[in-house]
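Single-structure report; data block below.
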Amino acid sequence: MSVVESVDPIEFTEAAAAKLKSLIEEEENARLMLRVYVTGGGCSGFQYGFTFDEEHQEDDTEVVRDGVTLVVDPLSFQYLVGSEVDYKENLEGSRFTVQNPNATSTCGCGASFSI
């Protein structure tokens, strides 16, 4: 397992960490981590996913910020290097987002991308 303090290769923003901390407190489960992953699909070829996880695998990368943890599996990590995981609230709703400099194109909703 690799542990990274919220600097490159993946930036875990203060807003994302604060929202994760709030959700963990609501669930009353300090073991929860936010897992971000990449799967095939969507209109551009790949899509991002987010889920809560209590376990991490030995080969996962962990990014820690403000006492909460973002977890990324090795396959997804290669697509996410240099990305920023953030939390946005706007007229379209609220959600965790990924700003990925490796993406050559994205779909309108921002959930799908190609490299």
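Anchor point for the sequence shown: position 85 equals 85 in our numbering, and the numbering is continuous, going up by one each time. Idealized CB from N, CA, C, for every residue including glycine. Model, not experiment: these values are computed from the prediction.
Assign residue i to one of three DSSP states: helix, strand, or coil.
{"i": "Glu11", "result": "strand"}
{"i": "Leu23", "result": "helix"}
{"i": "Leu32", "result": "coil"}
{"i": "Gln57", "result": "coil"}
Can you tell me the Cβ-Cβ gap for residue i and residue j, rounded? I've got them flagged as a contact below 8 Å.
{"i": "Val36", "j": "Ser76", "result": "7 Å"}
{"i": "Asp73", "j": "Gln47", "result": "Rounded, the Cβ-Cβ distance is 15 Å, inconsistent with contact."}
{"i": "Val85", "j": "Thr13", "result": "7 Å"}
Within the same chain, show all residues whose beta-carbon is closer than 8 Å to that of residue i, passing over the 5 residues directly before and after it, in chain order.
{"i": "Gly82", "result": "Asp8, Pro9, Ile10, Asn100, Pro101 and Asn102"}
{"i": "Asn29", "result": "Glu54"}
Can you tell me whether residue i is buried or exposed? The criterion is at least 16 other CB atoms within 10 Å of its CB, across all chains shown.
{"i": "Leu32", "result": "buried"}
{"i": "Ala16", "result": "buried"}
{"i": "Thr125", "result": "Coverage of the chain is limited to positions 1 through 115, which leaves residue 125 absent and any answer about it impossible."}
{"i": "Thr97", "result": "buried"}
{"i": "Leu91", "result": "exposed"}
{"i": "Asp60", "result": "buried"}
For residue i, collect the residues of the same chain with a Cβ closer than 7 Å to its Cβ; drop the 5 residues on either side in sequence, then sort them by chain order.
{"i": "Lys19", "result": "Tyr87"}
{"i": "Gly41", "result": "Gln47"}
{"i": "Ile24", "result": "Ala30, Leu32 and Val68"}
Identify, in the order they occur along the chain, each residue of the same chain with its Cβ nearer than 6 Å to the Cβ of residue i, setting aside the five sequence neighbours on each side.
{"i": "Thr69", "result": "Met33 and Glu62"}
{"i": "Glu27", "result": "none"}
{"i": "Phe52", "result": "Leu32"}
{"i": "Gly67", "result": "none"}
Does the beta carbon of residue i come closer than 8 Å to any beta carbon on chain B?
{"i": "Phe77", "result": "Included in the structure is just one protein chain, with no chain B present."}
**Sequence ranges, beta strand (DSSP E) only - wholly within the region 52–99, length at least 3** = Runs of the beta strand (DSSP E) spanning 3 or more residues and lying entirely within the region 52–99 occur at 61–65, 68–72, 84–90 and 93–99, in chain order.
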